[in-house]
Amino acid sequence: MLYKNLKSLFFLLKWEEIGEVDEDYAPIHTYQVCRVMEQNQNNWLYTNWILTEGAQRVYIELKFTLRDCNSLPGGVGTCKETFNMVLKENRYIKVDTIAADESFTELDLGDRVMKLNTEVRDLGPLTHKGFYLAFQDLGACIALVSVRVFYKRCPFLVKSLAEFPDTIPGSEASQLVEVVGHCVNNSLPLYEPPRMHCSTEGEWLVPIGKCVCKPGYEEISGACQVCKVGFYRSLLESPGCSKCPPHSVARQTGATVCTCEDGYYKIESDPSNMACTRPPSAPRNAISNVNETSVFLEWSIPLETGGRKDIRYNILCRQVLPEGRGLDECGPNVRFLPRRVALSNTSVMVADLQSHTNYSFLLEAVNGVSELAKDHPKQYVSLNVTTNQAVSVVRKGHTGKSSIALSWAEPDRPNGIILEYEIKYFEKEQDSSYTIIKSKDTEMVVEGLKPSSVYIFQVRARTSAGYGAFSRRFEFQTSPYRDERAQASIIAVAITLALVLLAVVAGFLLSGRRCGYSKAKQDPEEEKMHFHNGHIKFPGVRTYIDPLTYEDPNQAVHEFAQEIDVSSISIERIIGAGEFGEVCCGPLRLPGKREIQVAIKTLKVGYTEQQRRDFLWEASIMGQFNHPNIIRLEGVVTKSKPVMIITEYMENGSLDTFLKKNDGQFTVIQLVGMLRGIASGMRYLSDMGYVHRDLAARNILVNGNLVCKVSDFGLSRVLEDDPEAAYTTRGGKIPIRWTAPEAIAYRKFTSASDVWSYGIVMWEVMSYGERPYWEMSNQDVIKAVEESYRLPGPMDCPEALYHLMMDCWQHERTNRPKFDEIVCLLDKLIRNPSSLKKLVNSSHRYEGKSGSAFTLICIAVLLFRTCKLPFTQIFHQMPTTST
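Written out as structure tokens, the structure is:
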């Protein structure tokens, strides 16, 4: 601050300097002027040069007394009660006119009462190193007692381990001067350098950032103290020094990290407060299960995990060479599912091994520090496995026109007691359709063959360890017809059988249908049919007509769908999005009918003519159906825009989403009722000759009364964009997880392939919307199904329903039930609820090792491990023996 004593500050022009003492007898100086008896007064008092010392704004404090003009005697020439304050840097500038708040009178003088006034003015912004002050009197009686010139500054400050120097404020009254602090005492800035702001009032404001003790130090009583031995501090954000974590030590003061003890390690990504760790011990309780040329390996987590959770497993596969010649690593053809190294789950499927070959598997557990532990010996658990041996030779015995006798030798080393044999055969060049029969003996007469035809035969054995590989292919030919007499005999027998069959069918029709179904061969394509006006017609039933058979697709739309005036429809809200536009809902008001709520599919603007045809194609299909379990088409809007398809509104949306939202909320009878409705709708479609091709829970809609209705009849259009259809075959994409094997491989879609899909829907319903085959890739699903893997029974699924699912998943399509048989069976279960009490996951232990059961174990264990379900649930559909 500036301050000059009054005596040395001024030089006078007509002002008088008066020296006095105050009440403490300290000398004081005043400057007075009182020339009120004279006219035209102009009296000046000047200061010396005042240095600003860098300040851009200074303050002037004046203390003075002033005589009341009314108290002066008469005859005064001029009298004022103010005086002027003037500033000079390079020229004189009037600062202000100073007036007194209180003036004194003659009476005050008699009583020696001094009425002192104090006025403060600020000057700025100043641009020079100094200035002059002057006081101008124009005729007042005034005494200037004190003049104080000063400026304000923010003083030196230490805050949050940062020091801020003396700082002079800015020139503007509202200006804040930012000052960057300097970290002291072994401290560093946290995130950013500390800052404070100096105000014009000389106050520190708005602190930003701070300093913290650097690593190896901690703040105690405002100062940074070094960390003691055995303690460390590695991060600026840490509040203080911490004790070293387990298996680590800090042997010096000021440690920023702790060093791991011998035999313990850390990786860079480990947090500093994490204990040092070591590699895990070997996996425990390793077991194997062989099926043909595949083996399923399973083990338990190591007893010692090393203190880490990032345990992974590696598999080393080695083939045992003959005659004790050592071991050789498995070749690249051996597959590991899901992979060979870095396994997170405790199981793996090893496929494509050689039959009847000894293998040695080493299972190693590793964690994040295993690579650092160079001196730590690797810990393995070893498994020796022998794959099943195949039947080597199949011989032909007696051959007839429709039969061939086969025999074979038992494998030399079958890997256990042989329980049965499986014979696979098919007509040469027709390997897409084959038949499998079973035998307990090493011989079998295969009947029902065609005369003069070449058949391919393969045989495999099943032991308690599972199925061996099929033998190589053997070609045998049936005998030709002998002579015309034999042919005549055959014709006579055939006529007799036809008459007997006709009588049986007549009796069946008269007695009504029975529930239950036969697994005898039945091909839905062999039903009799004839042609009418270019369209296939089935006797006695309404038949589906493919809209693509119409030259003009618009004709099909108008023939099967009712045109609705757009004024009858009100769109209230959007409920979803379709391939061609938005899906909305709102009321439909048709003349003479009550108002109903409907779903409205709209065709987005800017469509092409082909898109319009594709959009309305589904309506041409839907309009042909009339069944309580098929979504009902109300009509279409084609004569105005937007083009719309109007269907009944299903409050609960798609079945898979509805089940996920209500997991575990329904009784078994309610679920079976839903399945019965879906089967009834599919029976109707099958009877009409329509193949759905995309039957899945996502394409079943549910109304408020839990009635399920089949929807989505545009598969040939949707196939190209369906996210489930990731596997491409000839002619488009297929929803792999729901599609029968023959449809995937040969594009052969029939009602029998819809039955396969229905079995998947049953599984979805009983598992409350679980994704079929979980996270397996589509290619793995195809491979698994071809190798006879099937989905395991869902939790708490009745055994009768799971048996029906398995029948729907018969590889041979002619062995699958038909939809009318499925409906009959479900009706029987609903009428007899006690038949649903036996569950597939009841408390049994598994002793059977059939091929389907074993493959079920392999796939279920592998996937359920990922899902973290109890292990006992995995085996609830295996051949069982009571505990």
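Residues 42 to 924 (this note's numbering) are what the sequence shown spells out, left to right.
Don't be surprised by glycine CBs; every beta carbon is placed ideally from N, CA and C.
- Following the DSSP letters along the chain, one finds Leu-368 inside the beta strand (DSSP E) bounded by residues 368 to 370.
- Gln-471 is not bridged by DSSP to any residue.
- The residues Ala-203, Glu-204, in chain order, have a CB closer than 7 Å to that of His-223 in the same chain once the five nearest residues on each side in sequence are set aside.
- Cys-252 and Leu-231 have their alpha carbons spaced roughly 6 Å apart.
- Proximity to Glu-259 across Gly-622, Ser-240, Gly-281, Cys-239 peaks at Gly-281, based on C-alpha coordinates.
- Within a 10 Å sphere around the beta-carbon of Thr-168 sit fewer than 16 other beta-carbons, which makes this residue exposed.
- Residue burial is scored here from C-beta neighbours: Asn-332 has at least 16 other C-beta atoms within 10 angstroms and is therefore classed as buried.
- The closest CA to that of Ala-414, considering only Thr-476, Tyr-354, Gln-652, Pro-321, is found on Pro-321.
- A straight-line Cα-Cα distance of about 18 Å links Tyr-400 and Arg-380.
- When rounded, the separation of the alpha-carbon atoms in Thr-88 and Tyr-173 is 6 Å.
- Boundaries cannot be given for His-169, as no alpha helix (DSSP H) includes it and DSSP labels it neither H nor E.
- Bounds of the beta strand (DSSP E) holding Phe-515 are 515 to 518.
- Counting along the chain, no alpha helix (DSSP H) covers Gly-617; the unbroken beta strand (DSSP E) around it starts and ends at 614 to 618.
- Apart from the 5 residues on each side of it in sequence, Tyr-133 sits with its Cβ closer than 6 Å to the Cβ of Val-127 in its chain, given in chain order.
- Judged by DSSP secondary structure, Phe-105 falls within the beta strand (DSSP E) whose first and last residues are 99 to 107.
- Assignment of Arg-788 by DSSP, reduced to helix, strand and coil, places it in the coil class.
- Distance from the CA atom of Ile-637 to the CA atom of Leu-674, rounded to whole angstroms, is 13 Å.
- DSSP places Gly-718 inside the alpha helix (DSSP H), whose first and last residues are 709 to 728.
- Arg-98 and Thr-208 have their C-alpha atoms spaced approximately 13 Å apart.
- The C-beta distance from Glu-805 to Asp-697 rounds to 6 Å, short enough to meet the 8 Å contact threshold.
- Only buried fits His-397, as 16 or more other CB atoms lie within 10 angstroms of its CB.
- Distance from the CA of Cys-110 to the CA of Thr-119, rounded to the nearest whole angstrom, comes to 9 Å.
- Annotation for Leu-712: Val-806, Met-807 place their beta carbon closer than 7 Å to its own, counting only its chain and skipping 5 residues before and after.
- The three-state secondary structure of Glu-260, taken from DSSP, is strand.
- A direct Cα-to-Cα measurement between Leu-103 and Phe-197 gives close to 29 Å.
- In this structure, the CA atom of Gln-395 is about 11 Å from the CA atom of Val-336.
- DSSP lists Lys-129 as the beta-bridge partner residues of Tyr-173.
- Between the region 302 to 322 and the region 368 to 379 there are fewer than three C-beta pairs closer than 8 Å, too few to call the two in contact.
- Within a 10 Å sphere around the beta-carbon of Gln-596 sit fewer than 16 other beta-carbons, which makes this residue exposed.
- Here DSSP, grouped into helix, strand and coil, assigns Val-684 to coil.
- If the five residues before and after Val-422 are omitted, its C-beta is found closer than 6 Å to the C-beta atoms of Ala-323, Pro-324, Ala-327, Leu-404, all from its own chain and listed in chain order.
- Straight across, the Cα-Cα distance linking Gln-293 with Tyr-354 is about 39 Å.
- Per DSSP, the continuous alpha helix (DSSP H) segment holding Met-663 begins and ends at 650 to 663.
- Closest in alpha carbon position to Arg-778, among Ser-752, Ala-737, Gly-295, is Ala-737.
- DSSP places Pro-324 in no beta strand (DSSP E); its state is neither H nor E.
- Taking Tyr-585 as the centre and dropping the five residues before and after it, the same chain places the C-beta of Gln-665, Met-729, Gly-730, Tyr-731 closer than 7 Å to its C-beta, in chain order.
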